[in-house]
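Chemist: If you scroll down you'll find the structure; I have some questions about it.
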Amino acid sequence: MLEVTDLRVKYDTIRVIHGVSLNVREGELVALIGANGAGKSTILKTLSGLLKPESGEILFNGQPIGGLACHKIVQQGIVQVPEGRQIFSKMTIKENLRLGAFLEVSRKRWEQNLERVFTLFPILKERYHQVAGTMSGGEQQMLAIGRALLSNPRLLLLDEPSMGLSPLMTEQVFDVLRTLKQEGITMLLVEQNAYDALEISDRTYILETGTITLEGDSRRLINDPGVKQAYLGGV
Amino acid sequence: MDTLYVLSQLVNGLKLGSVYAMVAIGYSIVYGILRLINFAHGDIMTVAVYTILSLVTIFGLPLWMSIGASVVMAVVVGLIAERTAYRPLRAAGEETTLVSSLAVSIFLQNLMMMIFSPQRKAFHLPENLTFLHNFNGIRLSTMNIITFIAVIVILVILTFVIKRTRVGMAMRACSDNMDASRLMGININHVVVIAFIIGSSLAALSGLMLAGEYKTIDPMMGFVPGLKAFCAAVLGGIGSLGGAVLGGFVLGVAEMLFAGLMPTEITPYRDAFVFVVLILVLMVRPNGILGSREGGRS
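Taken in sequence, the protein lines are chains A and B.
Each residue of the first sequence is one higher than the one before, starting from 6 at the first, in my numbering.
Each residue of the second sequence is one higher than the one before, starting from 4 at the first, in my numbering.
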């Protein structure tokens with residue numbers, strides 16, 4: 006579904022992604038883990054079109070999408086839940102969700118999607134007319150995911166959905182991701198929280214300073230002594 | 004000093020204020036989305052006014068047609084400035100585009116001087132627009148009344164567009180969070196272009212009103228009213244359209260009361276007085292009269 010080959014990205018003159026290749030197949034949940042500053046968010050931003058690749062190829066269902074404008078990439082069905090949630094804090098929950106469905110043309114599908122989001126996140130229904138900035142961090146994360154689901158994503162990019170959340174909230178967010186996975190939504194998950202990411206995902210890529218150093222089946226990696234040492238606190 | 008005199012100064016203030024309000028709305032719409040203080044906004048008014056003058060005097064076009072053409076011209080100039088001077092610098096930050104807008108302003112002033120000479124020119128509206136109606140001693144021209152009503156109508160329409168329509172929702176989203184808006188599939192360049200179209204059209208109309216009031220025009224005429232309109236927008240709470248209109252009226256009334264009631268030795272400092280008012284208000288309410296407490300930057 007998504008095929009990235011030899012991607013390089015730089016900020017001004019400093020290259021931060023040095024030839025990354027990865028792929029995501031239909032229905033898969035793929036995790037991309039690594040330390041702070043490894044370039045995980047940069048990769049997602051490039052996939053969404055917020056950043057332009059320096060070189061390399063990004064294919065989505067066989068079509069090149071590297072360097073396309075952001076709104077064209079969203080039209081193709083690649084939708085991102087950005088780092089730090091990035092909700093529209095001065096607007097209501099309702100308006101945030103409407104903006105998630107900005108490109109939606111079918112009123113019926115909007116209503117169906119909205120029902121589905123309300124089932125996943127009942128809190129959003131309760132707070133529908135409230136200003137989004139007044140919600141807690143965890144609720145805002147629910148809103149950010151709900152908003153993304155309203156745009157009929159074919160591939161969901163999640164940038165550290167557990168960042169800054171309490172352990173309880175983190176658990177809830179990962180439960181939602183499990184539900185979405187069961188529904189067959191294809192996801193690429195960026196996480197610093199390596200253990201949860203490895204546990205939930207089918208396959209994992211480990212990124213170190215802009216290069217993929219390890220990739221493979223998540224169940225295998227979770228038991229790998231080297232991975233344990235470096236990312237799981239050496240247990 | 005009789006009450007009629009004070010009252011007529013008040014009305015004069017509302018007249019001036021409605022022009023400021025009209026310019027301030029345009030300022031506010033562009034600022035709300037791009038955080039761009041567009042110093043060239045006032046000079047777009049000048050371009051529009053010269054367009055009207057040339058079309059009427061040189062080509063003999065009827066006034067209404069020339070006004071339409073001046074709006075188109077203002078929009079074209081505004082969009083060229085956006086495309087060439089602001090968009091390429093958008094990533095560089097607000098300070099950079101601010102300096103760039105000063106450059107556009109100076110460029111437009113000098114372009115007008117080259118084409119039309121720096122001399123003042125007479126600008127007369129037809130008599131049916133300048134006809135003075137007498138309301139118990141307070142005199143208002145037809146144009147003044149039209150201006151005042153136009154400001155209110157435009158405020159109502161734009162408020163509706165921004166609150167209730169899809170494009171308005173996209174504008175508010177961009178104003179709230181630009182990157183998130185892009186991730187929702189909003190083409191932000193479209194939104195910016197729409198903001199400039201609205202802003203420039205309003206600049207054209209306010210240019211007409213200003214010129215009609217002063218009856219003379221010159222290539223520098225737009226700059227100071229542009230600055231004052233920016234002050235009006237900041238005073239009212241920049242980003243809020245109601246605030247822009249309120250700020251325009253407050254500033255206009257303050258300026259005319261100052262000019263009319265103070266001793267003649269200090270009335271030439273009315274421009275300075277306007278900026279002092281701005282400073283004083285911002286000291287008490289840093290985000291303007293109607294500005295929100297959080298997130299607002301002036």
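Yeah, the Cβ is synthetic: ideal placement off N, Cα and C, and Gly gets one too.
Taking CB distances under 8 Å as the criterion, tell me whether residue 20 of chain A reaches chain B.
Modeler: In the first sequence, residue 20 of chain A corresponds to position 15, counting from 1. Answer no: the Cβ-Cβ gap between residue 20 of chain A and chain B never drops below 8 Å.
Chemist: Would you identify the three-state DSSP class for residue 3 of chain A, choosing helix, strand or coil?
Modeler: Residue 3 of chain A lies beyond the range of chain A shown here (6 to 240); nothing can be said about it.
Chemist: In angstroms with no decimal places, state the Cα-to-Cα distance between residue 92 of chain B and residue 13 of chain A.
Modeler: By 1-based counting over the second sequence, the position of residue 92 of chain B is 89. By 1-based counting over the first sequence, the position of residue 13 of chain A is 8. If I take the Cα positions, the gap works out to 24 Å.
Chemist: Thinking C-alpha only, which one of B/205, B/215, B/227 and B/237 is nearest residue 153 of chain B?
Modeler: Start at 1 with the first residue of the second sequence, and residue 153 of chain B comes out as number 150. The shortest C-alpha separation from residue 153 of chain B is found at B/205.
Chemist: 8 Å is my cut-off, CB to CB: does residue 43 of chain B come that close to chain A?
Modeler: Numbered from its first residue, the second sequence carries residue 43 of chain B at position 40. For residue 43 of chain B, the answer is no, since every Cβ of chain A falls outside 8 Å of its Cβ.
Chemist: Counting only the same chain and skipping the five closest in sequence on each side, list residues whose C-beta sits under 7 Å from that of residue 128 of chain B.
Modeler: Stepping through the second sequence from its first residue, residue 128 of chain B is reached at position 125. Around residue 128 of chain B: 146 and 215.
Chemist: Residue 277 of chain B: which of B/148, B/220, B/234 and B/124 sits nearest, CA to CA?
Modeler: Sequence index remark: in the second sequence, residue 277 of chain B carries index 274 (1-based). Nearest of B/148, B/220, B/234 and B/124 to residue 277 of chain B, Cα basis: B/234.
Chemist: Is it right to say residue 125 of chain B is buried, meaning 16 or more other beta carbons lie within 10 angstroms of its own, or is it exposed?
Modeler: Against the second sequence, residue 125 of chain B aligns to sequence position 122. Result: exposed.
Chemist: Along the beta strand (DSSP E) that carries residue 85 of chain A, what are the first and last residues, could you check?
Modeler: For the purposes of this step, residue 85 of chain A is taken as residue 80 along the first sequence, with counting starting at 1. Residue 85 of chain A -> beta strand (DSSP E) spans 83-86.
Chemist: Please report the straight-line C-alpha distance between residue 73 of chain B and residue 84 of chain B, rounded to a whole angstrom.
Modeler: Taking the second sequence and counting its residues from 1, one reaches residue 73 of chain B at position 70. Taking the second sequence and counting its residues from 1, one reaches residue 84 of chain B at position 81. Approximately 16 Å between the Cα atoms of the pair.
Chemist: Are the beta-carbon atoms belonging to residue 251 of chain B and residue 232 of chain B less than 8 Å from one another?
Modeler: One-based indexing of the second sequence puts residue 251 of chain B at position 248. One-based indexing of the second sequence puts residue 232 of chain B at position 229. Result yes, Cβ atoms of residue 251 of chain B and residue 232 of chain B sit closer than 8 Å.
Chemist: State the DSSP-derived secondary structure class of residue 110 of chain A, mapped to helix, strand or coil.
Modeler: To locate residue 110 of chain A, count along the first sequence from 1; it is residue 105. Looking at residue 110 of chain A - three-state DSSP - the assignment turns out to be coil, as it is neither helix nor strand.
Chemist: With a threshold of 8 Å between beta carbons, is residue 131 of chain B in contact with chain A?
Modeler: If you number the second sequence from 1, residue 131 of chain B lands on position 128. No - not a single Cβ of chain A is within 8 Å of the one on residue 131 of chain B.
Chemist: For the stretch 180-196 of chain B, list every residue whose C-beta sits within 7 Å of some C-beta in chain A, in sequence order.
Modeler: Under the 7 Å Cβ criterion, the stretch 180-196 of chain B contributes 180, 182, 183, 185, 186, 187, 188, 189 and 190.
Chemist: For a cutoff of 8 Å on Cβ pairs, would you count residue 94 of chain B as touching chain A?
Modeler: Numbered from its first residue, the second sequence carries residue 94 of chain B at position 91. No, residue 94 of chain B lies away from the interface with chain A (no Cβ there is under 8 Å from its Cβ).
Chemist: Are the C-beta atoms of residue 176 of chain B and some chain A residue less than 8 Å apart?
Modeler: Position 173 of the second sequence, counting from 1, holds the residue named residue 176 of chain B. For residue 176 of chain B, the answer is yes, since a Cβ of chain A falls inside 8 Å of its Cβ.
Chemist: My guess is that residue 274 of chain B and residue 237 of chain B are in contact by the Cβ rule of under 8 Å, so how many angstroms apart are they, rounded?
Modeler: Along the second sequence, read from residue 1 onward, the residue named residue 274 of chain B stands at position 271. Along the second sequence, read from residue 1 onward, the residue named residue 237 of chain B stands at position 234. Residue 274 of chain B to residue 237 of chain B, Cβ: 16 Å. No contact.
Chemist: From what residue to what residue does the beta strand (DSSP E) around residue 28 of chain A run?
Modeler: Locating residue 28 of chain A in the first sequence gives position 23, where the first residue counts as 1. Element bounds for residue 28 of chain A: 19-29.
Chemist: If I'm right that residue 13 of chain B touches residue 151 of chain B with Cβ under 8 Å, what's the distance once you round it to whole angstroms?
Modeler: For the purposes of this step, residue 13 of chain B is taken as residue 10 along the second sequence, with counting starting at 1. For the purposes of this step, residue 151 of chain B is taken as residue 148 along the second sequence, with counting starting at 1. Wrong, their Cβ atoms sit about 13 Å apart, outside the cutoff.
Chemist: Quick check: the Cα distance between residue 300 of chain B and residue 175 of chain B, rounded to an integer number of angstroms?
Modeler: Counted from its first residue, the second sequence places residue 300 of chain B at position 297. Counted from its first residue, the second sequence places residue 175 of chain B at position 172. Low confidence applies here, because residue 300 of chain B scores a pLDDT of 41, under 50, leaving its location unreliable; read the following figure in that light. If I take the Cα positions, the gap works out to 16 Å.
Chemist: Does any residue of chain B have a CB that is nearer than 8 Å to the CB of residue 15 of chain A?
Modeler: As a working mapping, residue 15 of chain A is identified with position 10 in the first sequence. Residue 15 of chain A does not count as touching chain B.
Chemist: Using beta-carbon positions only, say whether residue 135 of chain A and residue 97 of chain A come within less than 8 Å of one another.
Modeler: Reading the first sequence from its first residue, position 130 is the one you call residue 135 of chain A. Reading the first sequence from its first residue, position 92 is the one you call residue 97 of chain A. Cβ atoms of residue 135 of chain A and residue 97 of chain A: closer than 8 Å.
Chemist: In this structure, how does DSSP classify residue 168 of chain B when only helix, strand and coil are distinguished?
Modeler: What you label residue 168 of chain B is simply residue 165 of the second sequence in a count that begins at 1. In the structure shown, residue 168 of chain B sits in coil (DSSP, three-state: anything other than H, G, I, E or B).
Chemist: Look up residue 97 of chain A in the DSSP assignment and say whether it is helix, strand or coil.
Modeler: One-based indexing of the first sequence puts residue 97 of chain A at position 92. The answer is strand: DSSP assigns residue 97 of chain A an E or B state.
Chemist: Within 10 angstroms of the Cβ of residue 60 of chain A, are there 16 or more other Cβ atoms? Answer buried if so, exposed if not.
Modeler: Counted from its first residue, the first sequence places residue 60 of chain A at position 55. Exposed, since its Cβ has fewer than 16 Cβ neighbours within 10 Å.
Chemist: On the three-pair Cβ rule with 8 Å, is the stretch 260-269 of chain B touching the stretch 46-63 of chain B?
Modeler: No, the stretch 260-269 of chain B is not in contact with the stretch 46-63 of chain B.
Chemist: Distance check for residue 21 of chain A and residue 15 of chain A, CA to CA, integer angstroms please.
Modeler: In the first sequence, the residue the question calls residue 15 of chain A occupies position 10. In the first sequence, the residue the question calls residue 21 of chain A occupies position 16. Rounded to the nearest angstrom, the two C-alpha atoms are 5 Å apart.
Chemist: Quick one: which unbroken alpha helix (DSSP H) runs of 4-plus residues sit fully inside the stretch 30-55 of chain A? Chain order, please.
Modeler: Listed in chain order, they are 45-53.
Chemist: According to a CB-to-CB cut-off of less than 9 Å, which residues of the stretch 66-86 of chain A neighbour chain B?
Modeler: Listed in sequence order: 74, 75, 76, 77, 78, 79, 80, 84, 85 and 86.
Chemist: Which residues of the stretch 35-60 of chain A have a Cβ closer than 7 Å to any Cβ of chain B? Give them in chain order.
Modeler: For the stretch 35-60 of chain A, which is checked against every Cβ of chain B, the residues closer than 7 Å are 53 and 55.
Chemist: On the CB-based measure, 16 or more other CB atoms within 10 Å of its CB, does residue 187 of chain A come out buried or exposed?
Modeler: Start at 1 with the first residue of the first sequence, and residue 187 of chain A comes out as number 182. Per the 10 Å Cβ criterion, exposed.
Chemist: Listed from N- to C-terminal order along the chain, which residues in the stretch 124-142 of chain A have their beta-carbon within a distance smaller than 7 Å of any beta-carbon of chain B?
Modeler: Here the close residues number zero.
Chemist: If residue 4 of chain A and residue 26 of chain A are in contact, beta carbons under 8 Å, what's the gap, nearest whole angstrom?
Modeler: Because chain A spans 6 through 240 in this model, residue 4 of chain A falls outside it and cannot be assessed.
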